[in-house]
Each structure stands twice: as structure tokens, then as C-alpha cells.
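Right, one structure below, let's go through it.
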Amino acid sequence: MHSISIIIPVYNRAHIVERTLDSVLKQSYRPLQVVLVDNDSSDDTLDVLERWNREHAGPDLDVMVVVESQHTAGAARNRGAQCASGDWLVFFDSDDEMHPDLIRDYAEAIEQDGGEVDVVSTGATLRYADGATRQLPFHTDDIMAVQMLHSQLATQRYMVRAEFFHAVGEWNASLPVWNDWELGVRMLLNRPRMAYMANDRVVVNHSGEASITGNGFAAKAGQWENVMDVVEDELAQSTYSDKQRMLRLLNFKRMVLAAHYEREGKRELSVELCRTAYHNLHKLCGNTLKWKLWTSPMIKKLFARIVHGKRGSAVIARKFL
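In terms of the working numbering, the sequence shown opens at residue 97 and continues consecutively.
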């Protein structure tokens with residue numbers, strides 16, 4: 097049996113966190129440790145967590161409730177990780193749901209690889225507030241490029257060896273947005289041994305305005321760009337073998353954000369960021385005939401596709417950048 101800790105930070109989710117906790121309770125794998133971190137909530141969240149602890153903790157379900165006053169998800173997750181006793185860590189968000197066999201399948205994936213694994217990645221389904229769903233991108237190859245553009249190692253979509261997690265530096269508690277994207281890139285830069293579970297074992301609930309992004313990006317303009325700057329520095333300082341391609345994809349991600357600003361009617365934000373990304377891509381690709389005749393026109397076409405709400409641009413970018 098593997099020693100596994102599930103870490104869930106919670107902020108002002110008294111009204112919905114029990115949906116997530118119920119999915120934890122239904123896990124077929126035992127024993128488990130669950131570390132619930134109240135991130136200085138102003139509602140009844142802490143009372144809900146403590147009641148759930150009293151009602152469900154037992155010999156095969158070790159529950160710990162702690163409080164983290166630094167109000168960022170990264171700080172709360174780090175606090176949970178520092179309290180966790182498991183050799184393996186599962187980070188999970190307080191409004192999402194686990195398949196009953198998620199943890200069992202993680203454990204089996206480790207065994208199938210002979211225990212020589214640092215990170216196990218799972219497929220996931222995104223469920224919108226209106227009930228519509230779509231399968232989130234999932235790949236077992238070109239994983240750094242997939243992480244760069246699709247964030248496959250989102251918070252609730254992997255299990256990580258605790259020793260490896262601490263060695264790469266834990267969560268960056270200073271990042272209020274896209275902190276899971278940054279951590280995923282940083283983990284991959286440290287070359288983890290990966291295993292994959294293609295079956296969707298997680299439901300990610302998109303809760304509109306209540307989600308970290310809300311229904312748009314412009315309200316947090318500057319924060320997204322800051323995270324991309326952090327990742328760019330990490331890439332530049334790394335010895336990653338495909339660094340130049342990843343830097344190109346990172347700047348395409350800037351183009352994607354600029355396109356979202358355009359869709360939201362924030363043209364001044366879009367123009368500035370688009371200019372920066374295009375300049376960087378030109379520099380990275382070189383002033384070649386290929387850039388003039390193929391790469392530059394394609395980037396502009398993909399930008400327009402995103403502005404018009406069409407999907408698939410990131411898949412195309414992965415193939416030609």
C-alpha cells in the first residue's frame with residue numbers, strides 16, 4: 097500500500113465544499129490522509145471542515161484541519177503539504193470532484209511502472225455552470241509543450257511523489273493566478289519520471305465568476321503576464337534540451353492571452369501584449385524566409401481564430417512552432 101495524502105485548500109466555500117469532500121469520502125482506496133486547509137475564510141468554511149472531520153475521520157481516513165492566514169492558494173497548499181505525512185501528494189480544488197477510483201488508479205499506475213514514478217497525470221472533464229461538458233486535452237507525449245499550452249498538470253490532475261515536490265521548490269505562494277501552470281512547468285524542467293491515466297478521473301467544475309479566472313482575463317491583467325515572465329526566466333535559466341521551442345510556445349501563449357483581451361473589448365491591453373509576443377517570436381524564429389512566408393502569417397491567422405472563439409489553435413501551434 098502507498099501512503100497518500102490529499103490536500104485541499106478552501107476559501108469561502110462553505111456552500112459547496114461538501115460536494116468535493118463527498119467525492120473524497122467515496123474513494124475506494126484506503127487508508128488515506130486528508131489535509132483540509134482553511135485559507136482564512138470569512139464565511140462558515142472552517143466550521144464545515146471541522147464538522148466533516150468529526151463525522152468522517154476514522155482508522156482508515158486520517159483527517160487534519162489546519163488554517164493558513166496567508167491568503168493565496170499556493171501558501172495554503174504548501175501548508176497542507178508541510179502537514180501531510182504521505183509519501184505521495186494529491187492536490188485538489190474545493191469545488192471539483194474525484195472519480196471514486198481516482199486514488200486507486202493512481203496507485204495502480206505507480207505499480208505498473210514498477211514504482212519508478214515521480215508524477216502520475218490523469219484525464220479530466222470540464223463541466224460548465226450550465227451542465228455542458230468537454231474533455232480536457234490529455235497527452236502522453238510532448239508533455240512540456242502540452243503543459244505550456246494546455247496546462248495538463250493542473251492542480252487536480254496529478255499525484256506527485258512528496259520528495260520530488262519538495263525538491264523542486266513547492267508552490268510559488270506569490271503567484272495569485274496560474275500558479276499550477278507554473279509549478280507544472282517547473283516540475284517538468286526537473287525531468288520527473290511520468291506515468292499517465294488516460295481515463296477521465298476528475299471533474300473540473302467551472303463556476304463562472306466564482307472561479308479563479310471569473311468569466312474573463314482583463315480584470316486581472318498584469319497578473320497573467322507576471323506568471324509568464326516568471327516561467328520565461330525559469331526556462332531561460334534551465335538546461336532543458338528543447339528550450340528554444342518552449343520559449344516560442346510561451347510567447348504564443350502570450351498571443352493567446354492578447355486574443356482573449358481583444359475578445360473582451362480591451363484592445364489597449366491586447367495591442368501591447370500582442371506586440372511584445374510577436375517581437376519575441378520574430379527574434380526566436382529569426383528573420384528567415386520561413387518566418388516571412390509561413391510562421392508570421394500563421395500566427396496572425398491563429399490570433400484571429402481565437403478572437404472569434406474558435407478552438408484548436410494551440411494544437412496547430414504545437415505542430416509548427
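Each residue gets a CB set at the ideal place from its N, CA and C atoms; glycine is no exception.
The Cβ neighbour count for D192, taken over all protein chains shown within 10 Å, is at least 16; the residue is labelled buried.
DSSP places Y336 in the coil class of the three-state scheme, outside both helix and strand. The three-state reading of DSSP puts L271 in coil, since its state is none of H, G, I, E or B. Here F188 is buried. Its C-beta has 16 or more other C-beta atoms within 10 Å. Taking 8 Å as the upper bound for CB-CB distance, E266 and A177 are in contact here, some 6 Å apart. DSSP places P393 inside the alpha helix (DSSP H), whose first and last residues are 392–403. Under the 10 Å beta carbon count, P155 is surrounded by fewer than 16 other beta carbons and is classified as exposed. With 16 or more other Cβ atoms inside 10 Å of its own Cβ, N275 counts as buried. Taking C-beta atoms under 8 Å as the contact rule, R289 and G219 fail to qualify, at a distance of about 19 Å.
In the three-state DSSP reduction, E266 falls in the coil class, being neither helix nor strand. By the criterion of a C-beta distance shorter than 6 Å, Q252 is surrounded in its chain by F188, D189, D192, V298, once the five residues flanking it on both sides are discounted. Under the DSSP assignment, V299 falls in the beta strand (DSSP E) whose first and last residues are 290–301. Restricting attention to I395, W390, V186, the CA atom closest to the CA of N347 is found in I395. The continuous stretches of beta strand (DSSP E) do not include W148, which lies in the alpha helix (DSSP H) extending over residues 141–152. Taking each of V273, H98, L353 in turn and checking the Cα distance to S181, the smallest one comes out for H98.
CA-CA distance, M324 to E151, rounds to 43 Å. Three or more Cβ pairs drawn from the region 131–148 and the region 159–168 lie within less than 8 Å of each other, which places the two stretches in contact. Per DSSP, S217 is not a residue of any alpha helix (DSSP H); the beta strand (DSSP E) it occupies stretches across 215–223. Annotation: the continuous beta strand (DSSP E) that includes T229 extends over 229–231. Taking C-beta separations shorter than 6 Å and ignoring five residues to either side along the sequence, the partners of V186 in its chain run I102, M255, following chain order.
The continuous stretches of alpha helix (DSSP H) do not include S101, which lies in the beta strand (DSSP E) extending over residues 100–106. Cβ contact annotation for R175 (same chain, cutoff 7 Å, sequence separation greater than five): V133, V162, E164, in chain order. If you draw a straight line from the Cα of S217 to the Cα of Q248, it comes to about 8 Å. The beta carbon of A354 lies closer than 6 Å to those of S366, L369, C370 in the same chain, with the five residues before and after it left out. A residue is called buried once 16 or more other Cβ atoms fall within 10 Å of its Cβ, and L389, having fewer, is exposed. Taking a C-beta distance under 8 Å as the contact criterion, P272 and Q319 qualify as a contact pair. Residues of the same chain with a CB within less than 6 Å of the CB of G280, apart from the 5 flanking positions on each side, are Q243, L249 in chain order. Distance from the CA of Y357 to the CA of R147, rounded to the nearest whole angstrom, comes to 43 Å.
DSSP places M255 in the strand class (E or B) of the three-state scheme. Residue environment for L417: buried (at least 16 other C-beta atoms within 10 angstroms of its C-beta). Following the DSSP letters along the chain, one finds D201 inside the alpha helix (DSSP H) bounded by residues 198–208.
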